[in-house]
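Colleague: The structure that follows is given in the form of structure tokens.
In my numbering, the protein residues as written are -19 to 68.
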């Protein structure tokens, strides 16, 4: 298993990088400071994405992905004010 952790400081303008190594060679991604909003979408044929948005503040956000051949489920709320959601 290979993991990639990245403080991306806004993923919006860096999505094209996700199609290049080391992203294409890593099975699991954990991105902080994504600055993604609830309306943003990501789609890769072999990835399942989970995201926590910071709707009321600038910055922040967390994105985790796992390969589609792994089982997934959201176990519980992370905090009372933030919930983990699966991006479809």
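Quick reminder that beta carbons are idealized off the backbone N, C-alpha and C, glycines included.
State the beta-bridge partners of residue 27 as determined by DSSP.
Modeller: Locating residue 27 in the chain shown gives position 47, where the first residue counts as 1. Note: residue 27 sits in a beta bridge opposite 47.
Colleague: What's the gap between the Cα of residue 44 and the Cα of residue 2?
Modeller: The residue labelled residue 44 in the question sits at position 64 within the chain shown. The residue labelled residue 2 in the question sits at position 22 within the chain shown. Cα to Cα, the separation comes out at about 16 Å.
Colleague: Straight-line CA distance for residue 5 to residue 32?
Modeller: Along the chain shown, one-based indexing puts residue 5 at 25. Along the chain shown, one-based indexing puts residue 32 at 52. Using only the alpha carbons, I get a separation of about 24 Å.
Colleague: Buried or exposed, going by whether 16 or more other CB atoms sit within 10 Å of the CB of residue 29?
Modeller: Along the chain shown, one-based indexing puts residue 29 at 49. Flag for residue 29 reads buried.
Colleague: Looking only at its chain, what residues have a beta carbon closer than 6 Å to the beta carbon of residue 40, apart from the 5 residues adjacent to it on each side?
Modeller: For the purposes of this step, residue 40 is taken as residue 60 along the chain shown, with counting starting at 1. These residues qualify, in order along the chain: 34.
Colleague: Assign residue -2 to one of three DSSP states: helix, strand, or coil.
Modeller: Working through the chain shown from its first residue, we reach residue -2 at position 18. In this structure, residue -2 counts as helix in the three-state DSSP scheme.
Colleague: Between residue -8 and residue 46, what straight-line distance do the alpha-carbon atoms span, to the nearest angstrom?
Modeller: Walking along the chain shown from the start, residue -8 turns up at place 12. Walking along the chain shown from the start, residue 46 turns up at place 66. Each residue's Cα considered, the two are about 20 Å apart.
Colleague: Cutting at 6 Å between CB atoms, please list the residues of its own chain near residue 18, excluding the five before and the five after it.
Modeller: Here residue 18 corresponds to residue number 38 of the chain shown, with the count starting at 1. Cβ neighbours of residue 18 beyond the five flanking positions: 33.
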